[in-house]
Amino acid sequence: MQDEKLIPLSALQHYAFCPRQCALIHNEQVWAENWLTAQGKVLHQRVDRGEPETRKGIRYERGVLVSAEWLGITGKLDLVEIELSTGNMKPVEYKRGKPKRDSWDRIQLCAQGLCLEEMQGRPVRSGALWYWQVRHRDDVEFTEQLRDETRSVIAGVRDLLTSGHTPKAAYEKKCDSCSLYDLCNPKLSGNDLSAGYVDALFDEENRQ
Ligand code: SF4
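Using full-length UniProt numbering, the first residue of the sequence shown is number 1, and each one after it goes up by one.
And the structure:
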């Protein structure tokens with residue numbers, strides 16, 4: 001893994017939302033801001049600005065840079081809580097919205113925990129998600145199942161990014177909130193028959 005390009009933690013989130021969005025951003029360097037991404041950015045900037053502090057035996061480190069060579073992941077963690085008596089670490093990720101039914105937020109958090117584990121050489125057993133809209137904190141245990149799921153998502157993102165392939169657009173409800181909507185044009189691209197037309201032309205040529 002050491003000679004491969006490290007995957008940014010943010011790519012996991014983009015992949016979770018839409019593999020095409022992930023490929024557009026990380027392979028094709030396409031980016032556009034909408035109010036949702038702008039709000040998320042402001043929240044993370046606010047979190048990053050906080051100074052490190054210690055309260056009731058816990059050290060709070062903000063904007064922590066991580067780079068895990070074997071896992072193949074790099075990124076910046078919103079917050080790491082360190083219990084001074086044991087040295088145990090807990091990543092905390094701030095989210096703009098509210099808890100979701102799917103496990104994507106937990107997977108992103110677990111990837112952070114795996115990065116810390118690799119870098120510090122000690123187990124990181126849990127983390128927490130803090131949801132801004134509902135002011136709610138969810139503690140998340142890094143079970144074997146969540147770890148396996150996280151490693152397989154990381155492998156999926158790596159395959160996508162090393163393939164250089166950008167999946168075709170397929171319009172879904174979530175596209176309406178996608179910052180790349182205008183650049184992706186999912187309604188048009190999804191119905192784009194030109195690829196099939198070109199394939200048919202080549203087939204014809206091969207038959208001649
Ligand atoms: S508009 Fe839809 S298909 Fe296109 S990148 Fe966004 S979520 Fe994916």
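C-beta atoms are modelled at their ideal positions from N, C-alpha and C, and glycine is treated no differently.
Exercise for the section: Go through the region 54-93 residue by residue and report every complete run of the beta strand (DSSP E) that reaches 3 residues or more, in order. Expected result: 58-68 and 73-83
Practice task
Assign Q208 to one of three DSSP states: helix, strand, or coil.
Solution key: Residue placement at Q208 cannot be trusted, given a pLDDT of 42 that sits under 50; the coordinates are not used to answer.
Exercise for the section: Report whether the distance from the Cβ of P167 to the nearest heavy atom of the ligand MN is below 6 Å. Expected result: The ligand MN is absent from the structure shown, which contains only the ligand SF4.
Practice task
Give me whichever residues DSSP pairs with L146 in a beta bridge.
Solution key: Its beta-bridge partners do not exist; DSSP assigns none.
Problem - Beta carbon of E76 nearer than 7 Å to that of L65 - result: According to the sequence as given, residue 76 is Lys; it is not Glu. Yes.
Exercise for the section: Consider the C-beta atom of Q21 and the heavy atoms of the ligand SF4; say whether any pair is separated by less than 6 Å. Expected result: yes
Exercise for the section: Rank R158, W104, E51 and Q133 by C-alpha distance to the C-alpha of D78 and give the top, closest one. Expected result: E51
Practice task
Flag this pair as yes or no: are the beta carbons of L12 and A155 separated by less than 7 Å?
Solution key: no
Handout entry: Secondary structure of H14, DSSP reduced to three states
Key = helix
Exercise for the section: Give every residue of the same chain whose Cβ lies closer than 8 Å to the Cβ of R147, excluding the five residues on either side of it in the sequence, and list them in chain order. Expected result: C110 and L114
Handout entry: Continuous beta strand (DSSP E) stretch holding D102: start and end
Key = Note, D102: premise wrong, no beta strand (DSSP E); not H, not E.
Problem - As assigned by DSSP and simplified to three states, the class of V153 - result: helix
Problem - D105 versus Y131, E117, A170 and G87, residue with shortest Cα-Cα distance - result: Y131
Handout entry: Span of the beta strand (DSSP E) around L180
Key = Segment: none, L180 is in no beta strand (DSSP E) and carries neither H nor E.
Problem - Residue span of the alpha helix (DSSP H) that contains H26, given as start and end - result: P19 to H26
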